[in-house]
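2 protein chains.
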Amino acid sequence: MTPFDPETTTFLIAGPVRIHPRVLRAMSMSSLNHRGDYFHGIVAEIRELLPVLFGAKGHQVVLTGSGTAGLESVYSSLVPRDGRTLVVTNGNFGERTDQIVRRYSSTVTTVSAAWGEPLPVAGVRAELDKGDVKAVCVVHNETSVGLVNDLAAIAPAVRASGALFLVDGISAVAGIPLPIEAWGVDAVVAGSQKGLAAPAGLALVHLSDRAVAALRPGTFYLDLAAHLKSLEKNDTPWTPAVPLFLALREALLLLREEGLEARLARTHRLAEATRSAVDALGLELFPDRRFASDTVTAVQNPDGMGDAELRKVLERQYNVLVQGGQGSLTGRIFRIGHMGIADWPDLLVTFAALERVLAKAGRGREPASSLRAIVERMP
Amino acid sequence: MTPFDPETTTFLIAGPVRIHPRVLRAMSMSSLNHRGDYFHGIVAEIRELLPVLFGAKGHQVVLTGSGTAGLESVYSSLVPRDGRTLVVTNGNFGERTDQIVRRYSSTVTTVSAAWGEPLPVAGVRAELDKGDVKAVCVVHNETSVGLVNDLAAIAPAVRASGALFLVDGISAVAGIPLPIEAWGVDAVVAGSQKGLAAPAGLALVHLSDRAVAALRPGTFYLDLAAHLKSLEKNDTPWTPAVPLFLALREALLLLREEGLEARLARTHRLAEATRSAVDALGLELFPDRRFASDTVTAVQNPDGMGDAELRKVLERQYNVLVQGGQGSLTGRIFRIGHMGIADWPDLLVTFAALERVLAKAGRGREPASSLRAIVERMP
Numbered sequence: 080m081t082p083f084d085p086e087t088t089t090f091l092i093a094g095p096v097r098i099h100p101r102v103l104r105a106m107s108m109s110s111l112n113h114r115g116d117y118f119h120g121i122v123a124e125i126r127e128l129l130p131v132l133f134g135a136k137g138h139q140v141v142l143t144g145s146g147t148a149g150l151e152s153v154y155s156s157l158v159p160r161d162g163r164t165l166v167v168t169n170g171n172f173g174e175r176t177d178q179i180v181r182r183y184s185s186t187v188t189t190v191s192a193a194w195g196e197p198l199p200v201a202g203v204r205a206e207l208d209k210g211d212v213k214a215v216c217v218v219h220n221e222t223s224v225g226l227v228n229d230l231a232a233i234a235p236a237v238r239a240s241g242a243l244f245l246v247d248g249i250s251a252v253a254g255i256p257l258p259i260e261a262w263g264v265d266a267v268v269a270g271s272q273k274g275l276a277a278p279a280g281l282a283l284v285h286l287s288d289r290a291v292a293a294l295r296p297g298t299f300y301l302d303l304a305a306h307l308k309s310l311e312k313n314d315t316p317w318t319p320a321v322p323l324f325l326a327l328r329e330a331l332l333l334l335r336e337e338g339l340e341a342r343l344a345r346t347h348r349l350a351e352a353t354r355s356a357v358d359a360l361g362l363e364l365f366p367d368r369r370f371a372s373d374t375v376t377a378v379q380n381p382d383g384m385g386d387a388e389l390r391k392v393l394e395r396q397y398n399v400l401v402q403g404g405q406g407s408l409t410g411r412i413f414r415i416g417h418m419g420i421a422d423w424p425d426l427l428v429t430f431a432a433l434e435r436v437l438a439k440a441g442r443g444r445e446p447a448s449s450l451r452a453i454v455e456r457m458p
Numbered sequence: 080m081t082p083f084d085p086e087t088t089t090f091l092i093a094g095p096v097r098i099h100p101r102v103l104r105a106m107s108m109s110s111l112n113h114r115g116d117y118f119h120g121i122v123a124e125i126r127e128l129l130p131v132l133f134g135a136k137g138h139q140v141v142l143t144g145s146g147t148a149g150l151e152s153v154y155s156s157l158v159p160r161d162g163r164t165l166v167v168t169n170g171n172f173g174e175r176t177d178q179i180v181r182r183y184s185s186t187v188t189t190v191s192a193a194w195g196e197p198l199p200v201a202g203v204r205a206e207l208d209k210g211d212v213k214a215v216c217v218v219h220n221e222t223s224v225g226l227v228n229d230l231a232a233i234a235p236a237v238r239a240s241g242a243l244f245l246v247d248g249i250s251a252v253a254g255i256p257l258p259i260e261a262w263g264v265d266a267v268v269a270g271s272q273k274g275l276a277a278p279a280g281l282a283l284v285h286l287s288d289r290a291v292a293a294l295r296p297g298t299f300y301l302d303l304a305a306h307l308k309s310l311e312k313n314d315t316p317w318t319p320a321v322p323l324f325l326a327l328r329e330a331l332l333l334l335r336e337e338g339l340e341a342r343l344a345r346t347h348r349l350a351e352a353t354r355s356a357v358d359a360l361g362l363e364l365f366p367d368r369r370f371a372s373d374t375v376t377a378v379q380n381p382d383g384m385g386d387a388e389l390r391k392v393l394e395r396q397y398n399v400l401v402q403g404g405q406g407s408l409t410g411r412i413f414r415i416g417h418m419g420i421a422d423w424p425d426l427l428v429t430f431a432a433l434e435r436v437l438a439k440a441g442r443g444r445e446p447a448s449s450l451r452a453i454v455e456r457m458p
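Sequence lines, in order, name chains F and L. When you line the first sequence up against this note's numbering, it's residues 80 to 458, in that order. When you line the second sequence up against this note's numbering, it's residues 80 to 458, in that order.
Written as structure tokens, this is what we have:
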């Protein structure tokens with residue numbers, strides 16, 4: 080096999096996603112004075128562009144850190160001291176939210192479903208009915224199991240309860256519709272390396288007016304009030320990751336050029352094609368199809384084929400990168416990311432390789448059946 | 080004036096510093112699977128190279144975040160619950176340490192000197208003598224006032240007290256000698272964008288065995304124990320800023336090629352040249368010359384010349400970037416950074432421009448006197 084070349088790899092992990100050359104090149108600008116006019120101008124542009132990402136205006140900040148940093152910024156400063164916090168979990172990232180929230184509150188109620196089960200809507204409503212819930216924390220898209228949580232089903236009840244509605248949108252924003260205003264969401268955390276297709280290393284946070292009014296000091300580095308105050312002057316409280324800000328601006332410009340609605344529609348179309356191709360191969364989705372994610376498709380490994388027989392062969396023999404399962408799902412599922420700037424060629428190459436691997440394992444269907452399913456979904 | 084071009088700017092702010100083209104180009108590699116073998120290999124290389132940066136082996140982690148994130152990672156997990164924490168301040172960054180530490184302890188004693196005054200050694204010793212000090216937090220190089228704190232003068236007493244010795248080395252590491260083992264330092268925080276000359280956005284933390292033994296949960300995102308555990312597998316607990324890790328590796332390779340001792344010596348030589356050039360212009364250093372920093376030279380503005388008459392003219396007319404003062408020193412001092420890969424051409428251009436600005440303001444000395452001072456210091 081030729082030496083590893085990330086440029087020619089078919090790269091469909093669940094994020095970081097492939098980065099557009101324009102975005103990559105934006106990072107190679109020489110050092111900038113992060114306290115000078117030129118960089119302030121870049122921050123000003125980013126601020127103007129962030130509503131394109133979130134599909135809503137509001138108070139929006141950029142943090143140098145991963146999505147987890149974004150989550151901690153929100154939970155540490157918005158989880159109430161008095162009153163209950165409700166955390167909903169049905170996968171790895173819901174559990175991470177639970178871990179973070181429990182650092183900042185001792186009155187947490189966790190409503191859990193098994194990994195990959197749909198959002199426990201009735202459980203959430205029942206807890207809200209008990210009263211005294213001041214914040215609800217939920218993951219919009221559970222990357223670990225390829226499942227979208229039906230936030231529309233709980234939004235009215237959360238709203239009616241008066242609780243703050245805090246959403247981990249890391250692998251959802253710019254990939255799955257999240258009507259922030261219609262659902263009354265108070266905080267959304269996005270990651271740079273998912274639907275936006277910028278490099279990893281920045282968290283983007285949207286806050287409602289009432290969230291801003293409720294902010295209290297959390298951690299020092301991730302203090303949202305300090306970030307908001309600095310951003311008013313197109314500045315950051317601490318030294319920003321300058322190259323990542325340059326990349327962020329370029330990725331936001333690309334998103335504006337495509338349009339958020341167009342990117343959501345394209346992502347949905349790719350997801351539909353992926354699911355059809357999975358069907359054509361006789362494979363099974365991991366979550367209930369009604370809640371299958373549009374940014375990450377989780378597929379059950381065929382019986383007897385673990386990572387070594389499937390995913391590793393795709394990588395080593397065909398230079399196709401998809402992602403494995405986490406925790407107890409390791410070797411039991413694989414996940415195909417199709418968000419950001421992923422497109423038809425990525426799907427065609429991935430499924431061609433997947434067909435070949437299955438055929439060689441004596442599990443082939445009619446040749447090119449998954450490719451046909453994809454082609455028929457192309458615009 | 081020609082349009083702003085960061086490539087041709089003489090860039091001597093107090094960090095971020097100029098980045099080597101090799102380091103810039105390292106960031107333009109396409110997306111990598113941060114959970115794959117190739118990236119694990121990069122992390123392994125970084126781990127092997129970090130002792131070159133710190134001049135010591137130990138437990139060393141890379142955090143996606145600014146230097147402030149590094150500081151919070153250390154203080155939040157090492158400032159003791161029982162017993163006193165001593166914080167020493169004589170500038171802006173000492174005060175920042177004080178702010179962070181006070182989020183995590185209610186028994187903090189601050190030993191302060193005015194901004195730019197030398198380290199209050201007697202005050203530190205007196206507090207240590209009172210007993211019950213479990214941690215001492217001090218900034219090695221006070222970037223805000225161009226002053227190096229004489230840690231050698233307090234190290235034996237800190238050691239004898241048994242307190243943890245926690246050092247903010249952000250603008251010192253790879254610029255000013257910090258013999259970690261000889262001084263018995265337990266934690267050092269470095270920033271990627273200073274002496275190492277990588278892009279901003281990563282904090283590097285060195286911990287001693289006893290610091291690791293004393294770790295307790297601090298913030299979630301910056302949890303040092305979680306980072307150490309992941310690093311054993313050449314992994315990171317949360318998604319790393321992949322391009323910055325690639326740049327970090329390249330900057331560490333450059334540092335190893337030059338050698339830490341050689342970089343320290345070169346930085347010292349540039350600092351001596353800068354101070355001589357300042358003398359030649361009849362300008363005054365801001366701090367006591369005995370404690371003038373080797374990474375950042377702080378110079379008093381001539382009477383009647385504020386930022387608008389001096390620093391802004393350097394920038395607009397000569398494309399030379401130096402840094403202003405912070406807080407009450409705004410317009411009263413300017414700061415020249417000469418760490419990382421800064422070199423003689425940068426100094427020559429900067430002082431030529433500075434001479435010109437002073438001459439036009441009727442404050443000229445013999446033409447080229449500062450340049451002669453620099454040339455005479457060249458190897």
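Glycine included, each C-beta is placed from N, C-alpha and C at the ideal position. This structure is a prediction, so every number in the text was calculated from the model and none was measured.
{"query": "Is there a Cβ from chain F that is less than 7 Å from the Cβ of S145 (chain L)?", "result": "yes"}
{"query": "I'd like the list of long-range same chain contacts for A279 (chain F), defined as Cβ closer than 6 Å, with 5 residues on each side in sequence excluded.", "result": "P95, Q272"}
{"query": "Return helix, strand or coil for K308 (chain L), following the three-state DSSP convention.", "result": "helix"}
{"query": "Taking a Cβ distance cut-off of 7 Å, strictly less, list which residues of the stretch 274 to 290 of chain L are near chain F, in chain order.", "result": "P278, A279, G280"}
{"query": "Give the C-beta separation of I92 (chain F) and V399 (chain F) to the nearest angstrom, bearing in mind that I take them to be a contact with Cβ-Cβ under 8 Å.", "result": "About 10 Å separates the two Cβ atoms, so there is no contact after all."}
{"query": "State the Cα-Cα distance for the pair A269 (chain F) and V284 (chain F), rounded to the nearest angstrom.", "result": "6 Å"}
{"query": "Please decide whether Y300 (chain F) counts as near chain B, where near means a Cβ-Cβ distance under 7 Å.", "result": "Chain labels in this structure do not include chain B; the protein chains are F and L."}
{"query": "Residues of the stretch 80 to 114 of chain F in Cβ contact with chain L at a cutoff of 8 Å, in chain order, please.", "result": "F83, P85, E86, T88, F90, I92, G94, P95, V96, R97, I98, L103, R104, M106, S107, M108, S109, S110, L111, N112, H113, R114"}
{"query": "Give the straight-line distance between the Cα atoms of R414 (chain F) and S107 (chain F), rounded to the nearest whole angstrom.", "result": "32 Å"}
{"query": "Does any C-beta atom of chain L lie closer than 7 Å to the C-beta of A320 (chain F)?", "result": "yes"}
{"query": "With a CB to CB cut of under 7 Å and the five nearest residues on each side skipped, what residues in its chain are close to M457 (chain F)?", "result": "W423"}
{"query": "Can we count S145 (chain F) as close to the ligand NAP, meaning its CB is less than 6 Å from some heavy atom?", "result": "Among the components of this structure there are no ligands whatsoever, and the ligand NAP is therefore not found."}
{"query": "Within 7 Å (strictly less), CB to CB, does Y397 (chain L) reach chain F?", "result": "no"}
{"query": "Using a Cβ-Cβ cutoff of 7 Å, what residues of the stretch 318 to 351 of chain F are near chain L? List them in chain order.", "result": "T318, P319, A320, V321, P322, L323"}
{"query": "Provide the residue(s) that pair with D247 (chain F) in DSSP beta bridges, ordered along the chain.", "result": "F:V218, F:V268"}
{"query": "On a Cα-Cα basis, can you pick out the residue from F:V436, F:S407, F:A440, F:R354 that is closest to A452 (chain F)?", "result": "F:R354"}
{"query": "So, L294 (chain F) versus S152 (chain F), is the Cβ gap smaller than 7 Å?", "result": "no"}
{"query": "Whose Cβ in chain F lies nearer than 7 Å to the Cβ of E151 (chain L)?", "result": "T298, F299, Y300"}
{"query": "Using the three-state DSSP reduction, which class does K213 (chain L) fall into: helix, strand or coil?", "result": "strand"}
{"query": "By the three-class DSSP mapping on this structure, what secondary structure does A148 (chain L) have?", "result": "helix"}
{"query": "So for T176 (chain F), helix, strand or coil by DSSP?", "result": "helix"}
{"query": "Determine the extent of the alpha helix (DSSP H) in which T353 (chain F) is found, giving its start and end residues.", "result": "339 to 359"}
{"query": "Quick one: what does DSSP say L275 (chain F) is sitting in, helix, strand or coil?", "result": "coil"}
{"query": "List, in chain order, every chain F residue whose beta-carbon is nearer than 7 Å to that of I179 (chain L).", "result": "F299"}
{"query": "Leaving aside the five residues before and after E174 (chain L) along the sequence, list all residues of the same chain whose C-beta is less than 7 Å from its C-beta, in chain order.", "result": "T168"}
{"query": "How about D177 (chain L) and V218 (chain L): are their beta carbons less than 7 Å apart?", "result": "no"}
{"query": "State the DSSP-derived secondary structure class of V454 (chain L), mapped to helix, strand or coil.", "result": "helix"}
{"query": "Under 9 Å, CB to CB, which of the residues in the stretch 382 to 412 of chain L have a partner in chain F?", "result": "E394, L400, Q402, G403"}
{"query": "Just how far apart, CA to CA, sit M418 (chain L) and D229 (chain L)?", "result": "19 Å"}
{"query": "Check whether the stretch 433 to 441 of chain F touches the stretch 332 to 347 of chain F, taking contact to mean three or more Cβ pairs, one atom from each stretch, closer than 8 Å.", "result": "no"}
{"query": "Please list, in chain order, all residues of the same chain as E196 (chain F) whose beta carbon is under 6 Å from its beta carbon, the five residues on each side excluded.", "result": "N169"}
{"query": "Look up T318 (chain L) in the DSSP assignment and say whether it is helix, strand or coil.", "result": "coil"}
{"query": "Assess, as a yes-or-no matter, whether the stretch 379 to 398 of chain F is touched by the stretch 226 to 244 of chain F under the definition of 3 or more beta carbon pairs within less than 8 Å.", "result": "no"}
{"query": "For a quick check, are the C-beta atoms of T147 (chain F) and V166 (chain F) less than 7 Å apart?", "result": "no"}
{"query": "Could you have a look at R295 (chain L) and say whether DSSP puts it in helix, strand or coil?", "result": "coil"}
{"query": "Can you tell me the Cα-Cα spacing of V378 (chain L) and T89 (chain L), whole angstroms?", "result": "18 Å"}
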